[in-house]
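Input: a single structure, listed below in structure tokens.
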Amino acid sequence: MNLEINLIEGLITVGGEVVWQSGASGQSALERSPVTCLDLSAKLVVDTRDGKAVAFILFYEEDFPESILTTPMVKRFTRRTGVEAEMIAQSRALARFPWGDIEFYVDPKVGDLSIVIRGR
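Right under this line is the structure:
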């Protein structure tokens, strides 16, 4: 199933179904696997943190980059959206939107790639 992030409205769809929306209350936890995001295989997990729904996209691909900005997920995100993420640390980058934030992570020890999407 194809996962799409709508940057204008702050929502995530899987196969056309809305599974996460910034600011929506009462979102239930869910897990979807496998999904395809940015042409990479991943697992989607939606959970609640500090009373707000947060979406986690956990990629199956591993990477050991010199910089988070050189990972396939960040490069493809930038190419498709025209939005450049700001490097916060060697292993972390952030893209800010009026509705929330998209954070890109790579675990430098095991190479796990992930995206965390939080609403405001």
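Residue numbers (this note's numbering): 719 to 838.
Where is the CB? At the ideal position from N, CA and C, for every residue including glycine.
Candidates the options: closest to residue i by CA position
i, options, result
"residue 838", "751, 791 and 740", "740"
"residue 688", "768, 773 and 769", "Beyond the ends of the chain as shown, which are 719 and 838, falls residue 688; an answer cannot be given."
"residue 782", "759, 808 and 804", "808"
"residue 810", "831, 729 and 817", "831"
"residue 727", "784, 833, 813 and 817", "817"
Straight-line Cα distance separating residue j from residue i
i, j, result
"residue 770", "residue 745", "9 Å"
"residue 821", "residue 827", "18 Å"
"residue 792", "residue 743", "29 Å"
"residue 779", "residue 720", "16 Å"
"residue 757", "residue 732", "13 Å"
"residue 768", "residue 738", "16 Å"
"residue 819", "residue 794", "17 Å"
"residue 824", "residue 790", "11 Å"
"residue 763", "residue 748", "6 Å"
"residue 752", "residue 765", "17 Å"
"residue 724", "residue 804", "19 Å"
The ligand FAD heavy atom lying under 7 Å from the CB of residue i
i, result
"residue 732", "In terms of ligand content, the structure shown is empty, and the ligand FAD therefore cannot be addressed."
Beta-ladder partner(s) of residue i, from DSSP
i, result
"residue 723", "730"
"residue 818", "815 and 837"
"residue 804", "812"
"residue 824", "831"
4-residue-minimum alpha helix (DSSP H) runs that sit fully inside the stretch 730-757, ordered along the chain: Here no run is fully enclosed.
I'd like the ranges of any beta strand (DSSP E) spanning at least 3 consecutive residues and lying wholly in the stretch 761-798. DSSP runs (the beta strand (DSSP E)) wholly in the stretch 761-798: 770-780.
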